[in-house]
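Structure first, commentary second.
In our numbering, the protein residues as written are 72 to 196.
So this is what it looks like as structure tokens:
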């Protein structure tokens, strides 16, 4: 996957300016509102961080407390807690209290699907 040259970029553009009004209007009606797009963008930003992806990968295998995640990823509990806060705020992970421990898991199956789809795409290429 290399960087495209200016010539390749120009070849990928339309050579005439003649939008199809019917198609454009149909697409415009189906576009998501800005609030949804921003929320989706925030999720993809969160998933762009390697540490957060490692946490999601770990949680895809088992529920874990912060100290277990830290040990599995060879990181400090403080660093893991910081990343979990971001993931929790975006509803990508959730936790439940078990005594004095907070046990983390993926928020729902959609998170695992996002992770697996991205992984499949990477392995495919």
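Beta carbons are placed, not taken as given, at the ideal position from N, Cα and C, and that holds for glycine.
What you are looking at is a predicted structure, and each value in this text was computed from that prediction instead of being measured.
task = Would you mind sorting residue 164 into buried or exposed? The rule is 16 or more other CB atoms within 10 Å of its CB.
result = The residue labelled residue 164 in the question sits at position 93 within the chain shown. Label assigned to residue 164: buried.
task = Please confirm whether residue 155 and residue 126 have their CB atoms less than 8 Å apart.
result = As a position in the chain shown, residue 155 is number 84, starting the count at 1. As a position in the chain shown, residue 126 is number 55, starting the count at 1. In this structure, residue 126 lies closer than 8 Å to residue 155 by Cβ.
ask   = Alpha carbon to alpha carbon, how far is residue 120 from residue 113?
value = Within the chain shown, numbered from 1, the residue matching residue 120 stands at position 49. Within the chain shown, numbered from 1, the residue matching residue 113 stands at position 42. Their Cα atoms are separated by approximately 12 Å.
query = Who are residue 177's beta bridge partners in DSSP?
reply = Taking the first residue of the chain shown as position 1, residue 177 is located at position 106. In the DSSP output, where bridge partners are listed per residue, residue 177 has 164.
Beta carbon of residue 118 nearer than 8 Å to that of residue 124 = Locating residue 118 in the chain shown gives position 47, counting from the first residue. Locating residue 124 in the chain shown gives position 53, counting from the first residue. Yes, the pair counts as a contact, with Cβ atoms nearer than the cut-off.
With 16 other Cβ atoms within 10 Å as the buried cut-off, status of residue 140 = As a first step, residue 140 must be located in the chain shown, where it is residue number 69. Flag for residue 140 reads buried.
task = Please name the residue, chosen from 195, 196, 177, that lies closest to residue 128 on a Cα-to-Cα basis.
result = Here residue 128 refers to the residue found at position 57 when the chain shown is read from its first residue. Cα-wise, what sits closest to residue 128 is 177.
request  = Under the assumption that residue 138 contacts residue 175 (Cβ atoms under 8 Å), give the Cβ distance between them as a whole number of angstroms.
outcome  = The count along the chain shown starts at 1 and reaches residue 138 at position 67. The count along the chain shown starts at 1 and reaches residue 175 at position 104. With 8 Å as the limit, residue 138 and residue 175 do not qualify as a contact, their Cβ atoms being about 11 Å apart.
inquiry  = Can you tell me where the alpha helix (DSSP H) holding residue 138 begins and where it ends?
reply    = Mapped onto the chain shown, residue 138 falls at position 67. 137-144 is the extent of the alpha helix (DSSP H) around residue 138.
ask   = How many Å lie between residue 169 and residue 133 at the Cα?
value = To locate residue 169, count along the chain shown from 1; it is residue 98. To locate residue 133, count along the chain shown from 1; it is residue 62. Roughly 15 Å separates the two Cα atoms.
request  = Could you round the C-beta distance between residue 151 and residue 144 to whole angstroms and report it? I think they count as a contact, below 8 Å.
outcome  = Against the chain shown, residue 151 aligns to sequence position 80. Against the chain shown, residue 144 aligns to sequence position 73. Sure, about 7 Å apart at Cβ, within 8 Å.
query = What is the DSSP secondary structure of residue 106, counted as helix, strand or coil?
reply = Counted from its first residue, the chain shown places residue 106 at position 35. Residue state, collapsed to three classes: helix.
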